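Step one of this worksheet: look at the structure below.
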Amino acid sequence: MKIFVFISILIMFLGMSVPSFSKDKGKASPETLDNLKFIEGNEQENEKRALQTELLVAASERKAMEQLQLLLKKHRGTYIEADLWFRMAELYMRKSKTERFFELNRESDTVVKLAPKKVKSASSKREIIKAVGIYEKIQKQFKSFDKMDLVIFNNAFARQTLGQDKLAARLYNDLISMFPRSSLVPDAHLAIGEIKFDSNDFNTALKHFLSIEKYPSSRVYPYGMYKAAWTYYNLRKEPLGLEKLEQVVAFGRMVQEKGIDSRLDLRKEALADMTLFYEDVYLSKDAYSYFSKQAGDLDVTPTLLKLSFLYERHSRYEDKLAVLTALVKKQPYS
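Each residue of the sequence shown is one higher than the one before, counting from 5 in my numbering.
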């Protein structure tokens with residue numbers, strides 16, 4: 005999962021970089037905010053407003069970078085030097101996102117016309133490489149830095165963004181072994197699992213996805229189970245995969261009941277995917293009963309319709325009929 009601690013200096017100087025921001029609190033004036041709002045149905049005007057927003061962000065980033073460079077000169081060799089370097093690396097990562105906007109809009113006549121130099125010179129990769137250089141510097145020169153786990157994680161993520169997956173995986177593993185109590189450990193397991201999954205190393209991926217279950221309070225906990233289910237599927241262990249999706253559904257139900265962050269509720273995604281697993285594990289005649297139980301207070305109809313579609317696609321017409329017959333019988337008005 006891709007997390008960054010956005011620096012406070014960037015926020016502090018956001019209002020100081022352009023005249024249209026109020027001077028007292030560093031907030032955009034109501035007039036400026038109105039000018040940045042998108043207009044429904046007016047694509048060209050929206051492109052202009054998106055560009056204006058990114059130019060404001062770029063200006064604030066330049067101002068923040070100038071201030072950081074001054075602070076580094078002043079505090080070099082002091083106890084806050086490492087933190088200032090860290091903040092600079094984070095700012096470079098933030099700048100990479102701004103640069104990415106201009107890269108993606110090289111085919112936009114509006115953006116190219118209004119900001120030709122910015123579009124031509126944009127390079128998100130360049131900014132990420134700068135960030136990586138600083139992360140490496142911190143790891144080598146400030147070994148006792150109190151945010152070293154975050155430095156390693158963000159370095160790994162930056163490497164992953166650059167396509168350096170092997171090096172990224174090594175850094176994530178370093179984080180896990182060096183900082184076993186870090187709150188980033190489950191995120192590191194997830195990242196390694198994703199890397200290994202994408203390279204078809206499903207056994208290693210599964211090991212890391214299952215490791216996330218040691219951290220039930222982590223925000224990546226349900227996604228780890230979800231990915232483990234798909235890893236089992238790719239290992240041709242559909243029953244185990246289905247069991248894991250059942251756990252995802254149960255966790256989502258608990259999230260709803262306790263009013264926890266709704267983003268942790270992956271029931272709809274799990275139920276939809278369960279259909280693919282189900283047809284290889286259980287009988288079609290039991291589908292309505294099974295999915296009704298799993299869905300709980302959610303509408304089971306879309307799930308059963310998807311299952312019937314899968315049966316049809318695989319020429320299992322009797323199974324399709326069994327599912328639809330049960331659905332019509334149990335829910336005649338659905």
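Using N, Cα and C, we set each Cβ at its ideal position, and we do this for glycine too. In this text the structure is predicted, and so the values were computed from the model without any measurement.
Cβ neighbour criterion (16 or more within 10 Å) applied to residue i
i           : result
residue 84  : exposed
residue 319 : exposed
residue 336 : exposed
residue 182 : exposed
residue 263 : exposed
residue 125 : exposed
residue 29  : Per-residue confidence for residue 29 stands at a pLDDT of 41, beneath the threshold of 50, marking its modelled position as unreliable; no derived number is given.
residue 109 : buried
residue 321 : exposed
residue 82  : exposed
residue 224 : buried
residue 15  : Any reading at residue 15 must be qualified, since the residue scores a pLDDT of 35, below 50, and its modelled position is unreliable; the value itself is stated next. Burial call: exposed.
residue 58  : buried
residue 313 : exposed
residue 23  : Annotation note: pLDDT 30 at residue 23 (below 50); position unreliable, no value reported.
residue 80  : exposed
residue 332 : exposed
residue 147 : exposed
residue 265 : exposed
residue 26  : Because residue 26 sits at a pLDDT of 34, beneath the cut-off of 50, its placement in the model cannot be relied upon, and the following sentence gives the value as read from the coordinates. Residue 26 comes out exposed.
residue 228 : buried
residue 277 : buried
residue 293 : exposed
Opening and closing residue of the alpha helix (DSSP H) in which residue i lies
i           : result
residue 79  : 47-79
residue 302 : It is not in any alpha helix (DSSP H) - residue 302 carries neither H nor E in the DSSP assignment.
residue 318 : Unbroken run through residue 318: none, as it is neither H nor E.
residue 114 : 113-118
residue 226 : 225-238
residue 210 : 206-215
residue 98  : 85-108
residue 197 : 189-202
residue 178 : 169-182
residue 163 : 152-165
residue 145 : 128-145
Proximal residues to residue i (C-beta, below 7 Å), its chain only, five neighbours per side dropped
i           : result
residue 72  : 13, 88, 91, 92, 95
residue 237 : 245, 281
residue 151 : 90
residue 192 : 157, 176, 179, 180
residue 171 : 163
residue 197 : 209, 212, 213, 231
residue 165 : 132
residue 149 : 86, 142, 155
residue 136 : 159, 162, 163
Nonlocal neighbours in the same chain, by C-beta distance under 8 Å from residue i, ignoring five residues either side
i           : result
residue 114 : 48, 51, 52, 55
residue 203 : 169
residue 143 : 152, 155, 156, 159
residue 239 : 206, 207, 210
residue 76  : 85, 88, 89, 92
residue 401 : Lying before the first or after the last residue shown, residue 401 is absent from the chain, which here runs from 5 to 338.
Own chain, CB closer than 6 Å to residue i, minus 5 neighbours either side, in chain order
i           : result
residue 323 : 288, 315
residue 145 : none
residue 268 : 226, 259
residue 423 : The chain is shown from 5 up to 338; residue 423 falls before or after that span and cannot be answered.
residue 327 : 288, 291, 308, 311, 312
residue 296 : 304
residue 61  : 102
residue 215 : 193
Residue i beta carbon near the ligand ATP (any heavy atom closer than 7 Å)
i          : result
residue 66 : For the ligand ATP, the structure offers nothing, since it holds no ligand at all.
Checklist entry - Which parts of the region 262-287 are runs of the alpha helix (DSSP H), unbroken and 4 residues or longer, counting only runs that do not cross its ends? => result Segments of the alpha helix (DSSP H) lying fully in the region 262-287: 271-282.
Checklist entry - Do the region 179-193 and the region 217-224 make contact, defined as three or more Cβ pairs closer than 8 Å? => result With contact defined as three or more Cβ pairs closer than 8 Å, the region 179-193 and the region 217-224 are in contact.
Next on the checklist: Check whether the region 104-123 and the region 156-165 touch, using three or more Cβ-Cβ pairs below 8 Å as the test.
Outcome noted: These segments do not touch.
Next on the checklist: For the region 64-83 against the region 130-137, do three or more pairs of beta-carbon atoms, one drawn from each stretch, fall closer than 8 Å, so that the two count as touching?
Outcome noted: Under the Cβ criterion (8 Å, minimum of three pairs), the region 64-83 does not count as touching the region 130-137.
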